[in-house]
Amino acid sequence: MSGDITLSYEGSHGRGRWTGRDQVDDHAERIESLEAVARESGRLAEQADRLVCALAGRAGLDPAAFRCLHVLVRRGPLPVHRLAVHAGLDPGTAGVVVGELERAGLARRERDDAGHEVARADETACRDRIAPAVRELREAWHALTGHGCDDLAIVAVLLAEGRRLTELVPTLG
Numbered sequence: 001m002s003g004d005i006t007l008s009y010e011g012s013h014g015r016g017r018w019t020g021r022d023q024v025d026d027h028a029e030r031i032e033s034l035e036a037v038a039r040e041s042g043r044l045a046e047q048a049d050r051l052v053c054a055l056a057g058r059a060g061l062d063p064a065a066f067r068c069l070h071v072l073v074r075r076g077p078l079p080v081h082r083l084a085v086h087a088g089l090d091p092g093t094a095g096v097v098v099g100e101l102e103r104a105g106l107a108r109r110e111r112d113d114a115g116h117e118v119a120r121a122d123e124t125a126c127r128d129r130i131a132p133a134v135r136e137l138r139e140a141w142h143a144l145t146g147h148g149c150d151d152l153a154i155v156a157v158l159l160a161e162g163r164r165l166t167e168l169v170p171t172l173g
């Protein structure tokens, strides 16, 4: 085609020819793929929110409390403002939630080694409260899909890679 730039190359992935039109088609295909990843990631996030709501309900907690407990169990003691960031809440809401969790015996405020106030989950109480809901989910998942842990690990990697791709979308703008 006239006006196309043709370039021969050889590299670690082999050799071939590249034309300017290939680049345009490839760029459009990449944009379309990134948009599809973003769309599916959005749907996945919506499903994850519904899952958190369902698990929280089964554990007798509201979703914000469930998210905070999950973060505290996974990451350890955190200042309330950091807990808020990781749980997707504003700091005021996170502070209220920590207070509710304290009254329920699921968390406590204490001082870390540097003297800063942090929230800490009572892991035994959390396990007792949340484990039945999570176990029920795992059993339902396994019965529904018949997939083992290896298959789930692959899905987890794919989801993580998809999330990383969606983080790149704003940089394309």
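For the sequence shown, position 95 (counting from the first letter as 1) is numbered 95 according to full-length UniProt numbering, and the numbering increases by one without interruption.
For glycine and all other residues, C-beta sits at the position ideal for the given N, C-alpha and C.
DSSP state of residue i mapped onto helix, strand, coil
i, result
"A121", "strand"
"L78", "strand"
"G173", "Caution is warranted here: a pLDDT of 49 is assigned to G173, below 50, making its placement in the model unreliable, and the coordinate value is therefore given only provisionally. Correct three-state label for G173: coil."
"L51", "helix"
"D128", "helix"
"G105", "coil"
"A45", "helix"
"A59", "coil"
"D90", "coil"
Inter-residue Cα distance where the pair is residue i and residue j
i, j, result
"D62", "A156", "26 Å"
"R138", "A45", "19 Å"
"R30", "R43", "20 Å"
"L55", "R129", "11 Å"
"V118", "S33", "42 Å"
"Q41", "A48", "Sequence inspection shows Ser at residue 41; the Gln mentioned does not correspond to that position. In a straight line, the C-alpha of S41 is about 10 Å away from that of A48."
"G92", "D26", "47 Å"
"D122", "V80", "16 Å"
"A28", "A36", "12 Å"
For residue i, the residue or residues it bridges with in DSSP
i, result
"E110", "V118"
Beta-carbon gap between residue i and residue j smaller than 9 Å
i, j, result
"A104", "A87", "no"
"residue 174", "G76", "A question about residue 174 goes unanswered here, because the residues of the chain that appear run from 1 up to 173."
"L69", "C126", "yes"
Item to check | Touch test, the segment 47-61 against the segment 121-138, Cβ-Cβ under 8 Å, three pairs minimum | outcome: yes
Checklist entry - On the three-pair Cβ rule with 8 Å, is the segment 97-111 touching the segment 64-83? => result yes
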